[in-house]
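Colleague:
Number of protein chains: 2
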Amino acid sequence: MTDNTLTPFFQPRGVVIVGASSNPTKLGYGVARNLVNSGYDGAIHFVSQKSGNLFGRPVYPTLAEVPDPVDLAVLIVPAPGVTDALRDCAARNIHAAIIVSSGFREAGAEGAALEAEVLRLAKLSNIRLIGPNCIGLLDTHLPLDTTFLPPPMPQSGDVAFISQSGAICAAIIDWARGQGFGFSRLISLGNQADVNETDMLAAVAEDEHTRVLTLYLEGVSDGQRFIEAAARVARRKPVIALKVGRFASGQRAAASHTGALAGQDAAYTAAFEKAGIFRAGTSEEMFDWASALTSCPLPKGRKMAVLTNAGGPGVIAADALEIHGLTLAELGADTHAALASRLPPAAGLHNPIDMLASASPETYAACLRLLLDDPNVDGALVILPPPPMFSAESVADSLIPLIHTSPKPVVVALMGETLIQKAAECFRLARVPEYRFPERAASALAVLADRAEFLGKSEQIPAPLLDIDHPAAQAALAEAKPGCFLDPEPATRLLAAYGIPTAPVKLARSEAEAAESVAQLGFPVALKVASPDIPHKSDLGGVLLNVQTAEEAAAGFLTVKERALRARPDAKIEGVHLQRMLPDGQEVIIGARRDEQFGALMMFGSGGVEVEGLKDVAFALAPLTDADAEGMLRRTWAGRKLAGFRNISPADAAAVKDVLVRLAQLAHDLPEIGEIEINPLSVMEKGAVAVDVRVRM
Amino acid sequence: MTDNTLTPFFQPRGVVIVGASSNPTKLGYGVARNLVNSGYDGAIHFVSQKSGNLFGRPVYPTLAEVPDPVDLAVLIVPAPGVTDALRDCAARNIHAAIIVSSGFREAGAEGAALEAEVLRLAKLSNIRLIGPNCIGLLDTHLPLDTTFLPPPMPQSGDVAFISQSGAICAAIIDWARGQGFGFSRLISLGNQADVNETDMLAAVAEDEHTRVLTLYLEGVSDGQRFIEAAARVARRKPVIALKVGRFASGQRAAASHTGALAGQDAAYTAAFEKAGIFRAGTSEEMFDWASALTSCPLPKGRKMAVLTNAGGPGVIAADALEIHGLTLAELGADTHAALASRLPPAAGLHNPIDMLASASPETYAACLRLLLDDPNVDGALVILPPPPMFSAESVADSLIPLIHTSPKPVVVALMGETLIQKAAECFRLARVPEYRFPERAASALAVLADRAEFLGKSEQIPAPLLDIDHPAAQAALAEAKPGCFLDPEPATRLLAAYGIPTAPVKLARSEAEAAESVAQLGFPVALKVASPDIPHKSDLGGVLLNVQTAEEAAAGFLTVKERALRARPDAKIEGVHLQRMLPDGQEVIIGARRDEQFGALMMFGSGGVEVEGLKDVAFALAPLTDADAEGMLRRTWAGRKLAGFRNISPADAAAVKDVLVRLAQLAHDLPEIGEIEINPLSVMEKGAVAVDVRVRM
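Protein chains in written order, with this note's numbering: chain A, 394 to 1090; chain B, 394 to 1090.
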């Protein structure tokens, strides 16, 4: 899977800076300084129009004069000079370049043209590019620093950060320095003319020093490729993404409920879920999680113990654990007795364990050991405000050996600031995750449990459905006009071709045809106006239910048609559709929308006209496994209700999952479909039938 | 409103420490040290069994020997000695004591008895108590420090912190020190034997140096008093609460949907809403908000501008603004043109304004001025990662004068850590709120908008309803048995007495009575089994709808009774209730549950049996104003849908609000009712009728 063309970025035998400068106010100076100071032990060369000396090294006037070896070029020349510099790279047999220069796509049409030319040149000469308009690349282990960021380099660590924003890199490095948080690699991707987030994710995952990958994303270049690459990486190393721009794109006008509810952000969430990427809510959360994931063992379950020397923070922690989907472990009787014998009578012996303010470093350690030894406990959150009688660092010292040898995760809420600095340093040196507030510690513990669950699930690949009548599906689709709705009859045949049960529909063009059709369908029937121009028929009275006789059907034909014409005088009315009504069932909605990036995005939830109001819906990307479908049911009331509730009889959940899997296959197979929606799917005690389906091309 | 008995805590002419110690490992030493070092300029006295000298002052063997003046005693003697110490206080005419000692209620039954005795003694001698088992009190302006916390005192500021947890105080002071965050007063309440959170809230609000009050709460002592006191304070000064223990109490078994959904935490949220208290989600958020509320002017609306020198953080900020209910301001054409003339062509001129990395301090200032001058902008979020070409502090210096003179709020996301320390100090000194991440800055800006809205709403007091037939209500209630459900007939009369329209109900004890009753009621009717033992009748087939003739009614009588007896053979069946069915309307639920602390908690939302699954509900405390009721409608889909949606016709929202206000009055007037629930309330185009009501005493 390794992309060897990216190797020179990470293992160059020599680096050349084209546009190095001896003027300390220039970026070309900053890059030269950082590269020299980074401790990089390969060859370092400088090229500049002004020859001379820089950091004790000669400055060459042209790339051609630079001696071997040189595998990587960093270009900081003005934008119009980049093409020439690339030609020089090609001539010098360099196949990797970081273009720091700005003035390309981000600067308007002229810049975009220049960027296209740069990319063309690079492809021609087999040169891989990072940038343009980027901060560059930094590896603390090699070490190598091609950025112009203010020194010192970030602390060495095992979290990689790949970013589509350069400014974020600068801020994050500086913030991390204050947190004692280290990085393995840091890559700013800039305009991504060539190397994009997916390429880099796969490449950095190969780095032996990187244990967790973090991503700052504004978008992805190719959704399918991204999911596949990320899913492969996530099985081996945790990936955390901060995806921004949730609201930026707005919601485009949608013709179906699915279209209205299934926005771009829902597609990203579904894509991350499919790939096994953790989606962080904030920048801080991303690194809080990374910190725990790099250094903690994973818990076997979600039952956590809280150990504190003060009640208040214990209660905060208990709340936060529940908010994050963890539970307070019920301690075994032995543990309880042992704690009782160790602690003063006023101590709180029910999880959270409150040892009281007098707790010594030894008490902290003894109680933590008891908790970790309890088989009912999957992990622990230790709360350490500045202890009144001891130093926080003495508690840290007593806990660290225990935490190191425990197969269960322990995170620490180290509360305060100045009084806990030394303890913070002890924990950081020992790689024990510590957080200023219990809420953040609880969130980190939860991500460990999520990771354990993800790895515990076997990798499932949707099994191909073998009973699909592809010719029939194609025949049904052939009747569609682009941008229009497919007529109910072919739409019904389309579903049937994919094995989705439907209630047969007949089109009546006259009162007589209506009377005749109902005789064939049987009673009762529903009448719906047949018009390509009217998507939401019931909104304007275009639906009549429970029609019981042929006479009623004939009269209903006129009623429905009149109502529709009154509401939409210019609508084309083709007649009235008749459909046999089904016994009462639970009504759910199943839909799919084509997402530009990620393909078919599936929606499941409470159906009916109120779906947009109740928003009881779940999303996932097609195709679906049975487990995916099961997950969508579990996340919605509509799905949970299928098991029955009060006087609502149980309904056929297996049939719903089957329809979900089949519709996902359909939407996945047929990209020409823009939106498809079954609303309602009527779910009976046995079986489920698509009552109404709308298909937009 | 001022409680003069608390004055000695905050303006003592002299303070005595009973139990002062010269042993540096004792708390009695810490308190003495802090009091002396605090700069308190009243008289300081020490009492201890070991006489001698401490910090250059004489130590008296008894309180009787201490010279005047002395208004406040701090007691740090072992718990059993506290009663004697209090007697000495009384003899010495001291009327305020802080009991630091532990070993009271928190230590078990014996301690609780001792605490009761201490309280009895204090009341007898008109001594007000803080504690026992507390850290004490600290005022940075007086100044006064009676705590034993490690020095130095927290920085002086204008935020008061009142806490039911002592350990939190220690951690928060230390954390705040690192953040450059100052306090006016800090009070640890301990066991609250006497002075509680409500007393203290009202007292601290009078402090001229306190501009914002923050509370750490695990519970309140008297809900009604708390709300009233807090509401008075909140009109003058912002109050922020961190209420913990959300999940601790669990959900007690409930007989109604309202009971099941309206937990203790919902009651606290409703109480804070009623009082105008902001409820913070985390400790950090509480102080983030406090920081903005102490120093920023309030915005006129929710339209915010984002100014950044980097795209990524700008996108993060835009997302965060939307998440917190703010909007991105649309800039005026003038502003747009002026920005365009100031910024490079590649700059982003649509809010968020991206000035690009080259932005100088002058550019920052000029652009911020343009944004603040735009009438479409209500406030601004400035993003400042370490600028590549300038120091962050030079940007701070250029922005501060502008922010100081602006009538609109400006918050700063100062990203990084080491490179922005100087800038952070500049902003802190200038009292400009700065946050490490854009997300936190956006949250602070939102609380400013919330505060402005709260102050903009006139204080509304629910108008008493004048048309209530109290004797009829009492008569209906008189038929109830405690712990049981009220029969449908008196329940209907109870609602009618409060002016809530109901569908009349008749009890039929036989088939013949059923046939007779329907003739009087008119058709169609609904039949419901009449049994005090069956709360959810439809669950077991105990309801028949749409009965059209007298014969059907007679037959239905038997059906319903049989079904009920089959499901619950031991249920007492009194017959069958008959009720005239109403034209189809929208169905909502309106309920009330008696909360131990806060009285009647009202619930409104989507009705039917699925209410517990859909959870489309809103809560508020009774009594309700029309605006309160309006708010409950706005917060739920059930309420918004009353305006009509697709083929759902508009329904009478005014009638729903009227029923909400009336049922709130009922629940407020009649505390003997444990739960009352109208489900459904059928809302027609004109009017709303309670179809089913359940009342539990």
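Each residue gets a CB set at the ideal place from its N, CA and C atoms; glycine is no exception. Just so you know, these numbers come straight off a predicted model, no measurement behind them.
Give the secondary structure of residue 679/A by DSSP, where H, G and I count as helix, E and B as strand, and everything else as coil.
Modeller: Locating residue 679/A in the first sequence gives position 286, counting from the first residue. In the structure shown, residue 679/A sits in a helix (DSSP, three-state: H, G or I).
Colleague: Once you ignore the five residues that flank residue 912/A on each side, which residues in its own chain have a CB closer than 8 Å to its CB?
Modeller: Sequence index remark: in the first sequence, residue 912/A carries index 519 (1-based). Contacts found: 943.
Colleague: With DSSP collapsed to three states, give me the class of residue 379/B.
Modeller: No statement about residue 379/B is possible, as the shown extent of chain B runs from 394 to 1090 and does not include it.
Colleague: Looking at chain A, is there any beta carbon in it that lies within less than 8 Å of the beta carbon of residue 783/B?
Modeller: Working through the second sequence from its first residue, we reach residue 783/B at position 390. With 8 Å as the cut-off, residue 783/B does not count as an interface residue toward chain A.
Colleague: In the DSSP assignment, find the unbroken alpha helix (DSSP H) run with residue 864/A in it and report its ends.
Modeller: In the first sequence, counting from the first residue as 1, residue 864/A sits at position 471. 863-871 is the span of the alpha helix (DSSP H), which, as asked, contains residue 864/A.
Colleague: Examine chain A for any beta-carbon lying closer than 8 Å to the beta-carbon of residue 810/B, and answer yes or no.
Modeller: Taking the first residue of the second sequence as 1, we reach residue 810/B at position 417. Chain A, which has a Cβ nearer than 8 Å to the Cβ of residue 810/B, makes this yes.
Colleague: Could you check whether the Cβ of residue 927/A sits closer than 8 Å to any Cβ belonging to chain B?
Modeller: As a position in the first sequence, residue 927/A is number 534, starting the count at 1. Chain B contact via Cβ: absent.
Colleague: Under the assumption that residue 486/B contacts residue 524/B (Cβ atoms under 8 Å), give the Cβ distance between them as a whole number of angstroms.
Modeller: In the second sequence, counting from the first residue as 1, residue 486/B sits at position 93. In the second sequence, counting from the first residue as 1, residue 524/B sits at position 131. With 8 Å as the limit, residue 486/B and residue 524/B do not qualify as a contact, their Cβ atoms being about 20 Å apart.
Colleague: Leaving out five residues on either side along the sequence, give the residues of the same chain with a beta carbon under 6 Å from the beta carbon of residue 946/A.
Modeller: Locating residue 946/A in the first sequence gives position 553, counting from the first residue. For residue 946/A, where only same-chain residues beyond five positions count, the Cβ hits under 6 Å are 907, 908, 911, 940.
Colleague: Determine whether the Cβ of residue 419/B lies closer than 8 Å to any Cβ atom of chain A.
Modeller: Working through the second sequence from its first residue, we reach residue 419/B at position 26. It does not: the Cβ of residue 419/B has no partner Cβ on chain A nearer than 8 Å.
Colleague: Just how far apart, CA to CA, sit residue 646/A and residue 656/A?
Modeller: Stepping through the first sequence from its first residue, residue 646/A is reached at position 253. Stepping through the first sequence from its first residue, residue 656/A is reached at position 263. Only weak support is given to the placement of residue 646/A: the predicted model assigns it a pLDDT of 45, under 50, and the value that follows is read from those uncertain coordinates. About 11 Å.
Colleague: Helix, strand or coil for residue 583/B, going by three-state DSSP, please let me know.
Modeller: In the second sequence, residue 583/B corresponds to position 190, counting from 1. It is coil, neither helix nor strand.
Colleague: Does the stretch 659-672 of chain B come close enough to the stretch 564-573 of chain A that 3 or more CB-CB pairs lie under 8 Å?
Modeller: Not touching, per the Cβ criterion.
Colleague: What in chain B is Cβ-close to residue 677/A, meaning under 7 Å?
Modeller: Numbered from its first residue, the first sequence carries residue 677/A at position 284. In chain order: 830.
Colleague: Span of the alpha helix (DSSP H) holding residue 422/A?
Modeller: Along the first sequence, one-based indexing puts residue 422/A at 29. Element bounds for residue 422/A: 420-430.
Colleague: From the DSSP secondary-structure annotation, give me the bridge partner or partners of residue 576/B.
Modeller: Here residue 576/B refers to the residue found at position 183 when the second sequence is read from its first residue. Looking at the DSSP assignment, residue 576/B forms a beta bridge with 552/B.
Colleague: Taking the alpha carbon of residue 1074/A as the point to measure from, which residue in 885/A, 460/A, 758/A, 593/A has its own alpha carbon closest?
Modeller: Here residue 1074/A is taken as the residue at index 681 of the first sequence, counted from 1. When each option's Cα is compared against that of residue 1074/A, the closest is 885/A.
Colleague: Please report the distance separating the alpha-carbon of residue 899/B from that of residue 972/B.
Modeller: Here residue 899/B refers to the residue found at position 506 of the second sequence. Here residue 972/B refers to the residue found at position 579 of the second sequence. So the alpha carbons of these two residues sit roughly 7 Å apart.
Colleague: Does residue 1087/A come out as helix, strand or coil in the three-state DSSP assignment?
Modeller: Here the question's residue 1087/A lines up with position 694 in the first sequence. Strand.
Colleague: Whole-angstrom Cβ separation of residue 1057/B and residue 993/B, contact assumed at under 8 Å?
Modeller: In the second sequence, counting from the first residue as 1, residue 1057/B sits at position 664. In the second sequence, counting from the first residue as 1, residue 993/B sits at position 600. Yes, residue 1057/B and residue 993/B are in contact; Cβ-Cβ is about 7 Å, under 8 Å.
Colleague: Quick check: is the beta carbon of residue 1024/A nearer than 8 Å to any beta carbon in chain B?
Modeller: By one-based count along the first sequence, residue 1024/A stands at place 631. With 8 Å as the cut-off, residue 1024/A does not count as an interface residue toward chain B.
Colleague: Which residues in chain A have a C-beta closer than 9 Å to the C-beta of residue 931/B? List them in chain order.
Modeller: For the purposes of this step, residue 931/B is taken as the residue at position 538 of the second sequence. Here the neighbours are 1039, 1040.
Colleague: State buried or exposed for residue 728/B, treating a residue as buried only when at least 16 other CB atoms are found within 10 Å of its CB.
Modeller: Looking up residue 728/B in the second sequence gives position 335. Buried is the call here.
Colleague: Out of curiosity, what's the CA-to-CA distance linking residue 696/B and residue 709/B?
Modeller: As a first step, residue 696/B is located in the second sequence; it is residue number 303 there, counting from the start. As a first step, residue 709/B is located in the second sequence; it is residue number 316 there, counting from the start. Answer to the nearest angstrom: the Cα atoms are 17 Å apart.
Colleague: Counting contacts by CB-CB distance shorter than 8 Å, is residue 558/A in contact with chain B?
Modeller: On the first sequence, residue 558/A is found 165 positions in, with the first residue counted as 1. Chain B, which has a Cβ nearer than 8 Å to the Cβ of residue 558/A, makes this yes.
Colleague: Can you name the residues of chain A whose CB is closer than 7 Å to the CB of residue 1007/B?
Modeller: Counting from one through the second sequence, the residue named residue 1007/B turns up at place 614. Within 7 Å Cβ-Cβ: 1007, 1009, 1030.
Colleague: Under 8 Å, do residue 428/B and residue 539/B count as touching if we go by C-beta distance?
Modeller: Residue 428/B sits at position 35 when you count from the first residue of the second sequence. Residue 539/B sits at position 146 when you count from the first residue of the second sequence. Against a cut-off of 8 Å, the Cβ pair of residue 539/B and residue 428/B comes out as a contact.
Colleague: Terminal residues of the continuous beta strand (DSSP E) containing residue 1102/B?
Modeller: Absent from the model: residue 1102/B. The displayed extent of chain B is 394 to 1090, so no value can be given.
Colleague: Is the CB-CB distance between residue 1043/B and residue 1035/B below 8 Å?
Modeller: Along the second sequence, read from residue 1 onward, the residue named residue 1043/B stands at position 650. Along the second sequence, read from residue 1 onward, the residue named residue 1035/B stands at position 642. The answer is yes: Cβ separation under 8 Å.
Colleague: Once the 5 residues before and after residue 644/B are set aside, which same chain residues still bring their CB inside 6 Å of it?
Modeller: In the second sequence, residue 644/B corresponds to position 251, counting from 1. Any reading at residue 644/B must be qualified, since the residue scores a pLDDT of 39, below 50, and its modelled position is unreliable; the value itself is stated next. Same-chain partners within the cutoff: 656.
Colleague: Using the rule of at least 16 other Cβ atoms within 10 Å of the residue's Cβ for burial, across every protein chain shown, is residue 662/A buried or exposed?
Modeller: As a first step, residue 662/A is located in the first sequence; it is residue number 269 there, counting from the start. Buried: at least 16 other Cβ atoms inside 10 Å.
Colleague: Determine the contact status of residue 597/B and residue 555/B, defining contact as a CB-CB distance below 8 Å.
Modeller: One-based indexing of the second sequence puts residue 597/B at position 204. One-based indexing of the second sequence puts residue 555/B at position 162. Result yes, Cβ atoms of residue 597/B and residue 555/B sit closer than 8 Å.
Colleague: Pop quiz: residue 475/B and residue 511/B are said to be a contact at Cβ under 8 Å. What is the actual Cβ separation, rounded to whole angstroms?
Modeller: As a position in the second sequence, residue 475/B is number 82, starting the count at 1. As a position in the second sequence, residue 511/B is number 118, starting the count at 1. With 8 Å as the limit, residue 475/B and residue 511/B qualify as a contact, their Cβ atoms being about 6 Å apart.
Colleague: Could you list which residues in chain B have their beta carbon closer than 8 Å to that of residue 609/A, in chain order?
Modeller: The residue given as residue 609/A occupies position 216 in the first sequence. Going along chain B in sequence order, the residues near residue 609/A (Cβ under 8 Å) are 705.
Colleague: In chain B, which residues lie with their C-beta within 8 Å of the C-beta of residue 499/A?
Modeller: Here residue 499/A refers to the residue found at position 106 of the first sequence. Neighbours of residue 499/A on chain B, chain order: 739.
Colleague: Is residue 410/B close to chain A? Criterion is C-beta to C-beta, closer than 8 Å.
Modeller: As a working mapping, residue 410/B is identified with position 17 in the second sequence. Not closer than 8 Å to any Cβ of chain A, the Cβ of residue 410/B fails to qualify, so no.
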